Amino acid sequence: MRFAGNDVVEYYKRPDDREVEWTELDGATLDEVLANFQRACETSDELARGHELEEEVKRPGAGREPVDLRWIYLHMIEEYARHCGHADVLRELIDGTTGYQSGDRSLLDRERHARQGCVSASRTDEQSCR
Numbered sequence: 003m004r005f006a007g008n009d010v011v012e013y014y015k016r017p018d019d020r021e022v023e024w025t026e027l028d029g030a031t032l033d034e035v036l037a038n039f040q041r042a043c044e045t046s047d048e049l050a051r052g053h054e055l056e057e058e059v060k061r062p063g064a065g066r067e068p069v070d071l072r073w074i075y076l077h078m079i080e081e082y083a084r085h086c087g088h089a090d091v092l093r094e095l096i097d098g099t100t101g102y103q104s105g106d107r108s109l110l111d112r113e114r115h116a117r118q119g120c121v122s123a124s125r126t127d128e129q130s131c132r
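Each residue of the sequence shown is one higher than the one before, counting from 3 in my numbering.
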């Protein structure tokens, strides 16, 4: 796909194997994956800056309708949420943790205390707050 005159970088695909991202990621280190993710976020921010949500882009492939920037944003949110949901399922299968619960304290409670100036988001007693 192209937007703002630039091709989208596909970090883990090869012309001879469009599914390699699902079969050969063992060679990618965590640092490499995180760097690619950061680079992709920066690139998408640069490309979208200054464009209207209604601006359309052609999708590759015969007979495919163009989409606008709004559709691209929504698609990315959907994809990200879907994969976060997969991670939730894996976490539950590993140790049974569900939702916002982590040990004895909920993550929401810890985050609320952290925003209030607690030294550590993992401690919620008043003595840990400034």
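By construction, the Cβ of each residue, glycine as well, lies at the ideal position given by its N, Cα and C atoms.
Note that the coordinates shown come from a computational prediction; the quantities given were computed from them, not determined experimentally.
Within a Cβ cutoff of 6 angstroms, which residues of the same chain sit near residue i, ignoring the five residues on either side of it in sequence?
i     : result
Trp73 : none
Met78 : none
Lys60 : Pro68
List the endpoints of the continuous alpha helix (DSSP H) containing residue i.
i      : result
Ala161 : Any answer about residue 161 is impossible in this case: the structure gives the chain only from 3 up to 132.
Ala64  : Per DSSP, Ala64 belongs to no alpha helix (DSSP H) and is neither H nor E.
His77  : 71-97
Tell me which same chain residues have a C-beta within less than 8 angstroms of the C-beta of residue i, skipping the five on either side of it?
i     : result
Glu56 : Asp70, Leu71, Arg72
Thr25 : Asp19
Val22 : Tyr14, Lys15, Arg16
Ordered along the chain, which non-local residues of its own chain (more than five positions away) have a Cβ less than 7 angstroms from that of residue i?
i      : result
Cys100 : The residue you asked about is not Cys; residue 100 is Thr in the sequence shown. Cβ neighbours of Thr100 beyond the five flanking positions: Glu94.
Since residue i sits in a beta bridge, which residues does DSSP pair it with?
i     : result
Asp19 : Arg16
Glu26 : In DSSP, Glu26 forms no bridge with anything.
Val59 : Val69
Throw me the rounded Cβ distance for the residue i and residue j pair, which I believe falls under 8 angstroms.
i     : j     : result
Glu58 : Pro68 : 4 angstroms
Open item on the list: Within 8 angstroms, do at least three Cβ pairs link the region 34-48 to the region 9-19?
Closed with: yes
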